[in-house]
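Single-structure report; data block below.
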Amino acid sequence: LRLRADYLGLVTIAASETIRLFARSRVMKPVTGGVEGIDKFAEPFYNLSPFELGEFYRFGPFAYLGRDIWVLLVGWTLLILVTLMVQQLMRSPWGRTLRAIREDEDAARALGKNAYYYKMQSLMLGGMIGALAGLIQVIQKSSVQADTFNPVITFTIWTILIIGGPGRVWSPIVGSSIYWTLIVFVENTLRQLPDGARQTLEDTVKLSDFNIGMLRFMLVGGGLLLLARYRPQGIFGSREEMALDRR
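Sequential numbering of the sequence shown, starting at 32, is according to the working numbering.
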């Protein structure tokens, strides 16, 4: 935490990768299951569900399994509670101190604020929120391996933050909704192309069912490049917040 800006991000990514590789090692197999991971741990959670787990529930044109509705209900409830908590924290003296440290850490230290202490608290709070999100993810799958949390997760979250923009508590929520909507929409569109258009793509970019997943990320990535070019602060961010983040 004595590092600043990009260096802190690089160190935390390296530390997380070290922990992940250690968790999948043979030494940790009795605890983490090693490469195979662990499963069958979500039954107590699903036993609390008021819905029939294997039954479909229809909401207009949509149909969801009872187990998926239960996960969605708990996940969105936690999301709303955490968002409200973070919003109140950022309006508190603690949150204003964090903003002061971000704007000018040296000035905050000169005023007697322990920057290391506040940054450690912020890191721990962010870790707790990330752990809650990871908990919902593995419960939904009913299994977990160390490789579930690979660096792709980190960069996906970073992409979501770029889309939403900095400086708004609810920006990551909207950013994630937009990101996954684009991913699903692009993939479904590619899979349902008319025969003529599909044949053209197959001839030009060797499109197949196997590489549609890769092509969707390329197209979404192109959209992100346009966003970075014409609106670098994200959809809901502000240029003032970006200027502070560069310091």
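For every residue, glycine included, the Cβ atom is placed at its ideal position computed from N, Cα and C.
Notebook entry, point to check: When the Cα atoms are used, what is the spatial distance from GLN176 to GLY161?
Noted result: Between GLN176 and GLY161, the C-alpha separation is close to 17 angstroms.
Notebook entry, point to check: Does the beta-carbon of GLN264 have 16 or more other beta-carbons within 10 angstroms, so that it is buried, or is it exposed?
Noted result: GLN264 is buried by the Cβ-count criterion.
Item checked: Close-in-space but distant-in-sequence residues of the same chain around ILE193 (CB under 8 angstroms, 5 per side omitted) -> Contacts found: GLY206, LEU255, LEU258, ALA259 and GLY265.
Check: How many whole angstroms separate the CB atoms of ILE44 and THR185, which I take to be in contact at a CB cut-off of 8 angstroms?
Finding: Here ILE44 really is in contact with THR185; their C-beta atoms are around 6 angstroms apart, less than 8 angstroms.
Checklist line | Separation of LYS150 from LEU275, as counted between CA atoms | finding: Per-residue confidence for LEU275 stands at a pLDDT of 49, beneath the threshold of 50, marking its modelled position as unreliable; no derived number is given.
Next item on the list: My understanding is that LEU213 touches VAL251, with C-beta atoms under 8 angstroms, so please give their C-beta distance in whole angstroms.
Entry: Cβ atoms of LEU213 and VAL251 come within 8 angstroms of each other, at about 5 angstroms.
Note to self: I need the DSSP call for ALA94, collapsed to helix, strand or coil.
What the structure shows: DSSP places ALA94 within a strand segment (E or B) once states are collapsed to three.
Item checked: CB of TYR95 within 9 angstroms of CB of PHE87, strictly -> For TYR95 and PHE87, yes; Cβs fall inside 9 angstroms.
Notebook entry, point to check: Three or more C-beta pairs closer than 8 angstroms, one from the region 99–111 and one from the region 67–84: is that the case here?
Noted result: As far as the Cβ criterion goes, the region 99–111 touches the region 67–84, which means the pair count is three or higher.
Next item on the list: Output the boundary residues of the alpha helix (DSSP H) element that contains THR187.
Entry: Unbroken alpha helix (DSSP H) run through THR187: 182–195.
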